[in-house]
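I have placed the structure first, in the form of structure tokens, so that the comments after it can refer back to it.
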Amino acid sequence: MSHPFRIFAAALALLVLPALPASATPSLNTFGVNGSTAVFDCPWNASHTACDWSQLTSYNGVTSVSATGISSVAQDIRGTAAVSAEIGTDSWLPVLHAYASSNPDYAGAGTYGGSARADANVWGVQGYRYVGDAPFMLTVTATLDSVFSRPDSDSQGNHSAFFLSLFDTAGYAFGYAPPTVFQTELCPIVFLPGQRGCESAPAVYDHATQMLHDSGTIGATIAYLLQPGQSFYVGAFLDASVCCGATVDSSHTLRLAFNDASLLVNTPVAGALAVPEPGTLPLTALAAAVLLGVRLRRRMHS
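Next comes the structure, spelled out in structure tokens:
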């Protein structure tokens, strides 16, 4: 029996066990995640120091969305871009994964000779309401681990980055339109209010951006003083993007954590899908993760 199928069999055996009670607070009723992936021609510039994104016409990955997660994979002779996301059953916040690898032997069309770029993007939003009877300073901490491999010369903007926002619920809706990273639901996360296309975006209470260009770990913490009864959204975005024979593995996850969630209850995110009953959620997430792993292994070895 091959290794992926041994993992899958073990997961199926776990499914016959009684559903464990959810131990985290708050329980969820909606969860919004989406993503986009692409591999495309990336011609060198005249000085052969960077590659241009001019050949990207659309995100060509195959994306599958469910009530508890997402997967998206783009793969051809140019490389592989893959993302996934699921509910963190210990934090009740999105857990995001991204991977991008550009084929070093690809020679595509372009004015100055060809290379290839792989670009992977995934984002999630969750809603909450504070039910304490006194103001409370909430913090959300994000931690990203990434591993890079690349040619000796690397000035092509290869990176992995995350964006993290805590923002108002007014006027915001999640969407599942055909994949693109320039959807309006990203305005409070990647693009801030007042920027082009985000003139009517909800108010952002706090925001952080961090980027890695080499293997390592990076983090950020955002904070906001909540008032009794106040609702808010937490949104996060992760991308992995490389060209010219490089690989970045950010599938180790972007993990998010509250300082204290004991006085938070879920508030629905407009447009997001409803999640299963909390007692079945850990097993649902496990089964989805196993199936995604099998699918990626088949694609990467086909």
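Per the working numbering, the sequence shown starts with residue 110, numbered consecutively. Note that the Cβ used here is the ideal one computed from N, Cα and C, for glycine as well.
Helix, strand or coil at residue i [DSSP, three-state]
i, result
"E386", "coil"
"A195", "It is Glu, not Ala, that sits at residue 195 in the sequence shown. In the structure shown, E195 sits in a strand (DSSP, three-state: E or B)."
"L295", "helix"
"S371", "coil"
"A329", "strand"
"L136", "Sequence check: residue 136 is Ser here, not Leu. Of the three classes helix, strand and coil, the one that applies to S136 here is coil, per DSSP."
"V378", "coil"
"N143", "strand"
"F300", "coil"
"L165", "coil"
"S309", "coil"
"V349", "The residue asked about is misnamed: residue 349 is Ala in this sequence, not Val. A349: strand per DSSP, three-state reduction."
Counterpart residues of residue i in DSSP-defined beta bridges
i, result
"Q319", "F271"
"F341", "Y237"
"I186", "According to DSSP, I186 bridges with nothing at all."
"Y281", "The partner list for Y281 (beta bridge, DSSP) is empty, contrary to what the question assumes."
"F149", "R226"
"L363", "L205, L253"
"T172", "S181"
Reference residue i; option with closest CA among the options
i, options, result
"A345", "W153, S173, F276, C353", "F276"
"E195", "Q292, C353, Q184, A207", "A207"
"Q319", "F245, G241, P302, T252", "T252"
"Q339", "F245, Q184, T250, P203", "F245"
"Y168", "S359, S255, A190", "A190"
"T166", "I179, T146, S181", "T146"
"R259", "T362, C352, C151, A243", "C352"
"Y237", "Y342, C151, N154", "Y342"
"H316", "Y333, S324, D185, S180", "Y333"
"Q292", "V384, C307, P337", "C307"
"A229", "Y215, S175, T139, F149", "F149"
"D214", "G354, N368, V378, G284", "G354"
"G280", "T177, P287, T248, A310", "A310"
"L137", "R187, N267, T198", "T198"
"S224", "T172, G188, G284, G303", "G188"
"I298", "P287, A282, A286", "A282"
"F300", "F272, Y285, T278", "F272"
"F257", "V249, N267, T248", "N267"
"A366", "I331, A155, I186", "I331"
"C151", "A183, R305, S211", "S211"
"Q164", "Q184, R226, A155", "R226"
Nearest-angstrom beta carbon gap, residue j and residue i [assumed within contact, 8 Å]
i, j, result
"W232", "L295", "6 Å"
"V204", "T362", "5 Å"
"G141", "V234", "4 Å"
"S180", "S193", "5 Å"
"T177", "P377", "The Cβ separation is near 15 Å, so there is no contact."
"S350", "A209", "6 Å"
"A270", "D348", "6 Å"
### Task
Jot down the residue ranges of each uninterrupted beta strand (DSSP E) in the stretch 204-258, minimum 3 residues, whole runs only, in chain order.
225-239, 245-258
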